[in-house]
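Right, one structure below, let's go through it.
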Amino acid sequence: MDIKKFEENLADILDVNEIHDDDVLEKFDEFDSLAILSIISIIGTNFSKTVSIQDIKNAKTIKGLKDLVK
Amino acid sequence: MNKEYLLITGASSGIGRQCAIQLSKQYNLILCARRYDKLEETKSMCKNPQNHLIFSYDLSDTENLETSLIDFIKINDIVITKFLHSAGTIGLQSLKLVDSDFMLNCLKINLVSAELIVKVLSSKRYNQSALDSVVFISSNISNMGAKGFSTYSASKAGLDGMMRSLAIELAPKVRINSILPGGMKTEMTKDIDANEEVSKRLESSFPLGQGKPQYIADAAEFLFSDKASWITGQQLTVDGGRTINISS
Ligand SMILES: NC(=O)c1ccc[n+]([C@@H]2O[C@H](COP(=O)([O-])OP(=O)(O)OC[C@H]3O[C@@H](n4cnc5c(N)ncnc54)[C@H](OP(=O)(O)O)[C@@H]3O)[C@@H](O)[C@H]2O)c1
């Protein structure tokens, strides 16, 4: 999966039209425990990386999430 | 807030049409099915026909369903607050003749389309998170069994399983329930009814006598109303007592 598709998936999960690198995850209404599990699943399936709930929380921003899959 | 609508799939016939007629007294409707002329007919049978919209779509095309519905909402500049899924195909087939195309077609119409529609309607981006209540027309076979119904009952049991999980995932914003009708005369069952012997036997198995679409529409009206405001994730069987009848 390329980074653009990953961004589209994140926008779907967060239910917003667009996302920006400096957007803070906690500020999204839809950023809840299910959103975190969905992001972990996308990263696991498409980037063959295992990340934890804490990794996602620590990422803090959209850029942080993108760094996780680099 | 944009004008609010209740979306009914399967509105061109049978239970869906009857639900449209009754629900049109309270709600603006979007009537969905494949046959445009039959949807026009339903519309003319509704209260305030001019208030209702038609969304002619083949729900077996699940690939394009989300974008088509999103476009429909956008073009009409509306929000959809309620959703009734009555579209269905019976898929009565002996196991010997079941193949994957047959199964997938039934599952797409009865099950997959319902979840994709709930997905669009519960979204903030496409529908302003306006959805507040959903009713699926399942079947009393969902918790039972019958010869030739393996695919159909899988689709309805699947629908009810999905209903319960979505009821949790979307609470407290959205209530989701299923109605499980017993067999009744509509277009869907005309082949079964055509067999006089089977039809007679079926008739005698309903303790409260034969059913009609109105009984299902009455239950749908209740589930959409504020009177059901603490009810979610439930299967409401409306089958004249058929499935609890164990007398020989
Ligand atoms: N009648 C019964 O005995 C009974 C019992 C238990 C449960 N149910 C359930 O009740 C619901 C309504 O059934 P009914 O008895 O009212 O049957 P019906 O009169 O045959 O109505 C079925 C509806 O589904 C629509 N539909 C079928 N395939 C579709 C597709 N590919 N795309 C869009 N719409 C489609 C039909 O419209 P178009 O053909 O115009 O597309 C029609 O409006 C179904 O879910 C059924 O499983 C019925």
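Residue numbers (the numbering used here), protein chains in the order written: chain A, -3 to 66; chain B, 596 to 843. Glycine included, C-beta positions come from ideal geometry on N, C-alpha and C. In this text the structure is predicted, and so the values were computed from the model without any measurement.
**Asked** Smallest Cα separation from Q809(B): which of T781(B), V769(B) and V707(B)?
**Response** Translated into the one-based positions of the second sequence, residue 809(B) becomes position 214. Across the set T781(B), V769(B) and V707(B), the C-alpha of T781(B) shows the shortest separation from the C-alpha of Q809(B).
**Request:** Establish whether the CB of E658(B) and some CB of chain A are separated by less than 9 Å.
**Result:** Numbered from 1 along the second sequence, position 63 holds the residue referred to as residue 658(B). Answer no: the Cβ-Cβ gap between E658(B) and chain A never drops below 9 Å.
**6 Å Cβ shell around L702(B) - same chain, five flanking residues per side excluded** = Translated into the one-based positions of the second sequence, residue 702(B) becomes position 107. Result list for L702(B): S750, in chain order.
**Request:** Would you give the residue range spanned by the beta strand (DSSP E) that L797(B) belongs to?
**Result:** Start at 1 with the first residue of the second sequence, and residue 797(B) comes out as number 202. Annotation for L797(B): no beta strand (DSSP E) segment contains it, though the alpha helix (DSSP H) segment containing it runs E791 to E798.
**Prompt:** Taking buried to mean at least 16 other C-beta atoms within 10 Å of its own C-beta, is S29(A) buried or exposed?
**Reply:** If you number the first sequence from 1, residue 29(A) lands on position 33. Around the CB of S29(A), fewer than 16 other CB atoms lie within 10 Å, so the residue is classed as exposed.
**Message:** Quick check on M(-3)(A): buried or exposed, where buried means 16 or more other Cβ atoms within 10 Å of its Cβ?
**Reply:** As a first step, residue -3(A) must be located in the first sequence, where it is residue number 1. Exposed.
**Prompt:** Counting only beta-carbon atoms, is L33(A) nearer than 9 Å to chain B?
**Reply:** The count along the first sequence starts at 1 and reaches residue 33(A) at position 37. Not closer than 9 Å to any Cβ of chain B, the Cβ of L33(A) fails to qualify, so no.
**Asked** So, is the C-beta of D63(A) closer than 9 Å to a C-beta in chain B?
**Response** Translated into positions along the first sequence, residue 63(A) becomes position 67. No, because no Cβ of chain B sits closer than 9 Å to the Cβ of D63(A).
**Asked** Relative to the alpha-carbon of T684(B), which residue among N646(B), S745(B) and L648(B) has its alpha-carbon at the smallest distance?
**Response** Reading the second sequence from its first residue, position 89 is the one you call residue 684(B). Per the Cα distances, S745(B).
**Asked** Using 9 Å as the limit for Cβ to Cβ distance, is S734(B) near chain A?
**Response** In the second sequence, the residue the question calls residue 734(B) occupies position 139. By this cut-off, S734(B) is not an interface position.
**Request:** Spatial neighbours of N623(B) within its chain, please: CB distance less than 6 Å, with the 5 preceding and 5 following residues excluded, ordered by chain position.
**Result:** Indexing the second sequence from 1 puts residue 623(B) at position 28. The residues are Y600 and N646.
**Prompt:** List, in order along the chain, the chain B residues whose C-beta lies closer than 9 Å to that of V12(A)?
**Reply:** For the purposes of this step, residue 12(A) is taken as the residue at position 16 of the first sequence. What V12(A) touches in chain B, judged by beta-carbon distance under 9 Å, is K719 and R720, going in chain order.
**Asked** Of all Cβ atoms in chain A, is any one closer than 9 Å to the Cβ of E764(B)?
**Response** Looking up residue 764(B) in the second sequence gives position 169. With 9 Å as the cut-off, E764(B) counts as an interface residue toward chain A.
**chain B residues whose Cβ lies nearer than 9 Å to that of L21(A)** = Taking the first residue of the first sequence as position 1, residue 21(A) is located at position 25. Within chain B, no residue comes near L21(A); the closest Cβ sits about 16 Å away, beyond 9 Å.
**Message:** In whole angstroms, give me the CA-to-CA distance for L687(B) and L654(B).
**Reply:** Looking up residue 687(B) in the second sequence gives position 92. Looking up residue 654(B) in the second sequence gives position 59. Cα to Cα, the separation comes out at about 19 Å.
**Prompt:** With I603(B) and Y631(B) assumed to form a contact (beta carbons below 8 Å), what rounded beta-carbon distance in angstroms separates them?
**Reply:** Sequence index remark: in the second sequence, residue 603(B) carries index 8 (1-based). Sequence index remark: in the second sequence, residue 631(B) carries index 36 (1-based). About 15 Å separates the two Cβ atoms, so there is no contact after all.
**Asked** A762(B) by DSSP, collapsed to three states: which one?
**Response** Position 167 of the second sequence, counting from 1, holds the residue named residue 762(B). In the structure shown, the three-state DSSP call for A762(B) is helix.
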